[in-house]
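>
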Amino acid sequence: MRTVSDGSTRHSAVACRTGIPARISGKGYPAMNSPLPILPIRGLHLTFTLTAPTRLRFFHQPLVGALVRHLMGDALADEARLWLEAPESGRVPFAQGDSYRITLWACRGGETLLETLVERLRRLPAGLPGAVHGLALGANLRFVSAADALTGGRYEGVARLLPYDAAALARELDFYLAHPPTTLRLLAPARLLRPKQAGRPTKGEGRYVHDRGELVGDLLGQRIDDTLGALLSAVGAAAQPRGASRVLVTEDDIGWFDTAYYDADGDANPMGGVIGRATLDLIDAAALPALVLGQYVGIGQRRTFGWGRYRLETATGAGTRPPRRPSRGVLARAAEPANVELAYRSIRANADGRAAPELDPLDEDLSALAWSEHTAPIDELLDAVAQGLRAAALAPPAPGPADALPDAADPAASAPPPHRAQAPAYGPRAEPLRGWILQREGKSARPLAVPPFAERVAQRAVLQVLRTDLDPLLSAASFGYRRGLSRRDARDRLQALYRQGYEWVYEADIDDFFDSVSHARLDTRLRSLLPDDPVVDQLMAWVAAPVGFRGEQIERPAGLPQGAPLSPLLANLLLDDFDADLEVMGFRLVRFADDFVIACRSREEAEAAAARVRQSLAEIDLSLNEDKSGITRFDRGFRFLGYTFLRDLAVDVAKAARQVDAPLRLDDLPPASWLARLAHRVPRVLDNAPITYLPAVPAGNRAPPAPAARPAARPAADPGGRPPPDPAAATSPAPGAQPVQRLVAPEAMSDEPCTLLVATEGSLLSTSNGRLHIASPAGQTHEQPLAAIGAVLLIGRQRITGPTLTAALEAGVPIHFASRGGRYQGVLSNQWPGPEGAALWLRQRASFINPAFALPLAREVVSARIHNQVEVLRQRARTDADLELALASLRALPQRVPGAAGLMELNGIEGLAAAHFFQGIVRILPPDFGFTNRRRRPPPDPFNALLSLGYTLIYQRADAVLRAAGLLPSQGFYHQGHGRHAALASDLMECFRHLVERQALSMINRGELKPGDFLLDPQQGCRLSRPALHSYLAALSARLIAPLDNAADGSRGTLYDHLWRMARTLIAQLNGREGQFQAFRIK
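Numbering-wise (full-length UniProt numbering), the sequence shown opens with residue 1 and increments by one.
1) Beta-carbon separation of A858 and F973 under 8 Å?
2) Determine whether the beta carbon atoms of D959 and A983 lie at a separation below 8 Å.
3) What is the DSSP secondary structure of D471, reduced to helix, strand or coil?
4) Taking the C-alpha atoms as reference points, what is the distance between F1080 and L1066?
5) Enumerate in chain order the residues of its own chain whose CB-to-CB distance from G109 is below 6 Å, with the five nearest sequence positions on each side excluded.
6) Tell me, please, whether the segment 223 to 233 touches the segment 295 to 305 by the rule of three or more beta-carbon pairs shorter than 8 Å.
7) Taking A445 as the reference, give the member of A86, P777, L906 with the closest Cα.
8) If you follow the beta strand (DSSP E) that R636 is part of, which residue opens it and which one closes it?
9) Compare the C-alpha of F48 against each of R550, V144, P938 and name the closest.
10) Report the partner residues of L104 according to the DSSP bridge assignment.
11) Could you tell me whether the segment 924 to 935 touches the segment 993 to 1012, using the rule of 3 or more Cβ pairs below 8 Å?
12) Among the candidates D284, R325, T279, whose CA atom is the shortest distance from the CA of G317?
13) Ignore the nearest five residues each way along the sequence and tell me which others in G250's own chain have a CB closer than 6 Å to its CB.
14) Quick one: what's N868 bridged to in DSSP?
15) Let me confirm a value: I102 is counted as buried when at least 16 other C-beta atoms fall within 10 Å, else exposed. Which label applies?
16) Report the start-end ranges of each beta strand (DSSP E) in the segment 467 to 522 that is 3 residues or longer and not cut off at the edges.
17) So is R429 buried or exposed if we call it buried at 16+ other beta carbons inside 10 Å?
18) Inspect the beta-carbon positions of K1083 and A1047 and report whether they are closer than 8 Å.
19) If you check the beta carbons only, do A564 and H519 fall under 8 Å apart?
20) Do the CB positions of A579 and R612 come within less than 8 Å of each other?
21) Helix or strand or just coil, what does DSSP make of residue 1092?
22) Could you check which residue in A811, L36, R57 has the C-alpha nearest to that of D471?
23) Does S768 pass the burial test, meaning 16 or more other C-beta atoms within 10 Å, or should it be called exposed?
24) For L312, name the three-state secondary structure that DSSP assigns.
25) Quick check on V158: buried or exposed, where buried means 16 or more other Cβ atoms within 10 Å of its Cβ?
26) Which two residues bound the contiguous beta strand (DSSP E) that contains E251?
27) Taking only runs of the beta strand (DSSP E) that begin and end inside the segment 578 to 646, which ones reach a length of at least 3 residues, in chain order?
28) Is the beta carbon of D648 closer than 8 Å to that of Q495?
29) Whole-angstrom Cβ separation of G255 and W307, contact assumed at under 8 Å?
30) Under 8 Å, do R876 and L883 count as touching if we go by C-beta distance?
31) For the alpha helix (DSSP H) that V64 lies in, which residues bound it at each end?
32) Over what stretch of residues does the alpha helix (DSSP H) that includes A807 continue unbroken?
33) Do the CB positions of L912 and V862 come within less than 8 Å of each other?
34) Could you tell me the distance, in whole angstroms, from the CA atom of R483 to the CA atom of F638?
35) Could you name the residues of the same chain whose beta carbon sits closer than 7 Å to that of L215, not counting the 5 residues immediately before and after it, in chain order?
36) State buried or exposed for N850, treating a residue as buried only when at least 16 other CB atoms are found within 10 Å of its CB.
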């Protein structure tokens, strides 16, 4: 912004068109095309009550203008001295009894017209000509009150209204000379003629400014000057030819909206216009008076109808035009109890799988997710949502800096002080969104951002109001997420176009649309349509809310959150300007959200459409996905919205996308998404926070899946002989799969090399400068000097570079591989068995066959196992006498453990404890599960099948950790090795069997697993059906990665942490170091 700011030159004379003196009201303002002859201006607000339910068009200015014209007749023909504003514009439905406001203004010479019009409006509905009782407004209005537009005081006649005169104008000029305006924000559509140029339309709507960039330069200043000249002529003042414009626009963000004015005969007269904002470069203070006054009189054609209103804003958002809010804004209407309850019930219906057709299909999954987290009583929830919306609706516009405003207490002031424009930096706040990753079969990962449950209800409540208001504005070419429209309607439209001779198609896709939407352009669009409604601040707070994911908070400078109820509507609103651009050019567009095609009659037309598409998208900071865009013909066939089109046929080839949990790839992430932003952050050490996948719909919210035709094969039971196949290979990583975990040794060994466990599939391992780098698919990294690493354990499918393998071999760092389920697969090593070398294996074998060394370890494990069995039963024994008896027998056994003279006697104590424990389990389980005792091969009943499968998962994890630690898994201190059985893994897993038992009991008692989920095979025993298998494995995997508190030493960590700690303590004892082996005990 550039202004003449020097004290001497600021007030110097400047050549003017009209010969008006160079000074205004005794103040030293430059000469100009002076607005003084049209002053004073007077205005008043009129309030009415609607006597019947009424439905209006979005833009009310033409409707109010029609009413005024009919009331005044020929007296208003080409009258420029009287004009109106419609502050209720933007609202479509009104109920009987709702308030309705109209604002009227008149300049010098229009006072009599204003008084006449007010009197006629006060008599409504009387006084309307009979032929026009069909007006949208008029017969349904009853006058309530009138107030001075500048003071808010009671109306006592036009002559008593406070005049906006030269002193008032001078006061505003003082403010803007000190704080130059940088932005002109349109509050109503403006019809601004383009300069006459060869090749441009000279008639119709094509004559007017339509597109971004057309206001850049001096056109805006010229149109302000034109408006002032017309007003000067209307009051009888001479207007000289326009000179050079003194207001330049350096950048604009505008878009066109179509609407019409209906005359007395019912004929439509086009009244489209642009809305948006312009960035100003004021090069001469002489332009200020006309620029400031234009806020009250408007600019462009049809300004007397209320078109062309704008607000000037400084760099801080301050301004002088008072906000004029509607009688009841969007938030107030959204907060109505019936509307909030409807929003709540809609989410409940979606969670039950009954999503409305106009909603994003994803809304069904997300509503189910939100519903699963809903715990508050319904009445409390609805009240809290309604109160939050009402509070946001009542929030006043945020004040500007105190030192930027003139003294409002000046008794000589003849007009109110400047006001602060609503700014998105203030106002309502939104809770952080929850980050989820949706992966569907055949598609790339889709990062979602889901509002918390209460905010989801609030957004749905606002959507129900906004959708009714905004949908009539949208183009007929838009079919996505609109009430009453679907992809079938888009299909029918394309088929109809083909039959009309449109045989060519330009098919295209907007690149990364939802993550690329400009917040600034969306804000501009909303503030132009709903200029003084506080809902805009709330909408932008929701749109720009950060994402919480894996303990991180990711800011979102652009994009619409995929997973928020309002996003589809806001997407359509932003793209409506794109639709209008193509329609004005005569193209036949069919758009569904960010996917669209254009039907054309020739290849040349399709090529022209492609060029126009690129230009129009660039105007709103978007671009094409060129890989998915191209020109084809109907007779060659193409796919769109799940249909294959071939000539006039359309075959539905859409199928339900199956959700999968697959490794994330950085290259597959939408480049502008919050997840990609997280992935490209400055590297930092990874924590143990989980990657969270969008979970399946909780039980009770959806009908259970149909049983599989064939049950899944059950893996072998308890470990023994050859390790069984991986039971988790068919299921996805459970929520909570850890990315990189630095397994921590006991404090006494903290200076030893660490072992890194990498559990997030798709991670990339590389090396440089002697350091190992690990990057997860989400972009988090961990790095460690190779010299400080004892071993690396990779769980699931990971990526590792060839140089990394070589560097690990040279550094003597073994890399161990395990399946997704934890089953050990092998090791890459330079022949050393582990960090301790072969010497550790020799010491282990010698020590573990020595009863003096092995028996205390075995006693500790058995004692911990019995302790944990007691805790499992204790929580369920309070009301069952027989269960209490089994528990009492168990509690007596730990006293016998220290006296066990050998492993055989210890094994007998453990067997007796197991018998008491499982007899207690019999009392807990429902009889129809048929459990009588623990039997391994084959499991005869569902509970035994669950135990065998779960124990195998823990065994595999223990085996992998022991190998990574450098111990010999086949040599145990309690269990005896045979074949490839990892006896030491069986030793350590005794302390964790309770995790499986608790999970199985919990799922059975909650009804998540039923006898019908199992099948009995005479040869293989009891097996789980595939749905039950997936459900059980997912739940158990989540339990196995949850933090566990160890009562033995007070430590806290995951199953891997505790297994690692026990392994390292064993190594310390084998090496003769201080420290005592302690098995895990439940707190």
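Built from N, CA and C at the ideal position, the CB exists for glycine as well. On a predicted model such as this, the values are computed, not experimentally measured, just so you know.
So, to answer that:
1) Against the sequence shown, residue 858 aligns to sequence position 858. Against the sequence shown, residue 973 aligns to sequence position 973. In contact: A858 and F973 (Cβ atoms closer than 8 Å).
2) Here residue 959 is taken as the residue at index 959 of the sequence shown, counted from 1. Here residue 983 is taken as the residue at index 983 of the sequence shown, counted from 1. The answer is no: Cβ separation not under 8 Å.
3) By 1-based counting over the sequence shown, the position of residue 471 is 471. If DSSP states are grouped into helix, strand and coil, D471 belongs with the helices.
4) In the sequence shown, counting from the first residue as 1, residue 1080 sits at position 1080. In the sequence shown, counting from the first residue as 1, residue 1066 sits at position 1066. About 13 Å.
5) Position 109 of the sequence shown, counted from the first residue, corresponds to residue 109. The answer, listed in chain order, is R81, V235.
6) Segments in contact, yes.
7) Position 445 of the sequence shown, counted from the first residue, corresponds to residue 445. Closest option to A445, Cα to Cα, is P777.
8) In the sequence shown, the residue the question calls residue 636 occupies position 636. Counting along the chain, R636 falls outside any beta strand (DSSP E), and DSSP gives it neither H nor E.
9) On the sequence shown, position 48 is the one that residue 48 refers to. Looking at the Cα atoms, V144 is the closest of the given residues.
10) The count along the sequence shown starts at 1 and reaches residue 104 at position 104. Its beta-bridge partners are L44, L84.
11) In short, these stretches touch, since the Cβ pair count reaches three.
12) Here the question's residue 317 lines up with position 317 in the sequence shown. Considering only alpha carbons, the answer is T279.
13) Sequence index remark: in the sequence shown, residue 250 carries index 250 (1-based). Note on residue identity: the sequence assigns Thr, not Gly, to residue 250. The residues are T279, D281.
14) Counting from one through the sequence shown, the residue named residue 868 turns up at place 868. Looking at the DSSP assignment, N868 forms no beta bridge with any residue, so it has no partner.
15) Reading the sequence shown from its first residue, position 102 is the one you call residue 102. Its Cβ being crowded by 16 or more others within 10 Å, I102 is buried.
16) Within the segment 467 to 522, the complete beta strand (DSSP E) runs of at least 3 residues are 504 to 509.
17) Position 429 of the sequence shown, counting from 1, holds the residue named residue 429. R429 should be labelled exposed.
18) By 1-based counting over the sequence shown, the position of residue 1083 is 1083. By 1-based counting over the sequence shown, the position of residue 1047 is 1047. In this structure, K1083 places its C-beta atom within 8 Å of the C-beta atom of A1047.
19) The count along the sequence shown starts at 1 and reaches residue 564 at position 564. The count along the sequence shown starts at 1 and reaches residue 519 at position 519. In this structure, H519 does not lie closer than 8 Å to A564 by Cβ.
20) Counted from its first residue, the sequence shown places residue 579 at position 579. Counted from its first residue, the sequence shown places residue 612 at position 612. In the sequence as displayed, the identity of residue 579 is Asp instead of Ala. No. Outside cutoff.
21) One cannot answer for residue 1092 here, as it falls past the ends of the chain, which runs 1 to 1083.
22) Along the sequence shown, one-based indexing puts residue 471 at 471. It is R57.
23) As a working mapping, residue 768 is identified with position 768 in the sequence shown. When all chains shown are included, S768 counts as exposed.
24) Looking up residue 312 in the sequence shown gives position 312. Per DSSP, reduced to three states, the secondary structure at L312 is strand.
25) Taking the first residue of the sequence shown as 1, we reach residue 158 at position 158. Classification of V158: buried, given that the 10 Å Cβ count is 16 or more.
26) The count along the sequence shown starts at 1 and reaches residue 251 at position 251. Here the beta strand (DSSP E) through E251 covers 247 to 257.
27) Here the runs fully enclosed are 588 to 592, 595 to 600, 630 to 633, 638 to 640, 643 to 646.
28) Taking the first residue of the sequence shown as position 1, residue 495 is located at position 495. Taking the first residue of the sequence shown as position 1, residue 648 is located at position 648. Between Q495 and D648, the gap from beta carbon to beta carbon is short of 8 Å.
29) If you number the sequence shown from 1, residue 255 lands on position 255. If you number the sequence shown from 1, residue 307 lands on position 307. So it is not a contact: roughly 15 Å between Cβ atoms.
30) Within the sequence shown, the letter at position 876 stands for residue 876. Within the sequence shown, the letter at position 883 stands for residue 883. It is a contact, given that the beta carbons lie within the stated cut-off.
31) The residue you call residue 64 lines up with position 64 of the sequence shown. Per DSSP, the unbroken alpha helix (DSSP H) holding V64 starts and ends at 61 to 72.
32) Working through the sequence shown from its first residue, we reach residue 807 at position 807. First-last of the alpha helix (DSSP H) with A807: 802 to 811.
33) Start at 1 with the first residue of the sequence shown, and residue 912 comes out as number 912. Start at 1 with the first residue of the sequence shown, and residue 862 comes out as number 862. V862 is positioned such that its CB atom lies no closer than 8 Å to that of L912.
34) In the sequence shown, the residue the question calls residue 483 occupies position 483. In the sequence shown, the residue the question calls residue 638 occupies position 638. Approximately 27 Å between the Cα atoms of the pair.
35) Looking up residue 215 in the sequence shown gives position 215. Taking L215 as the centre and dropping the five residues before and after it, the same chain places the C-beta of V209, V249, D252, I254, A278 closer than 7 Å to its C-beta, in chain order.
36) Translated into positions along the sequence shown, residue 850 becomes position 850. N850 should be labelled exposed.
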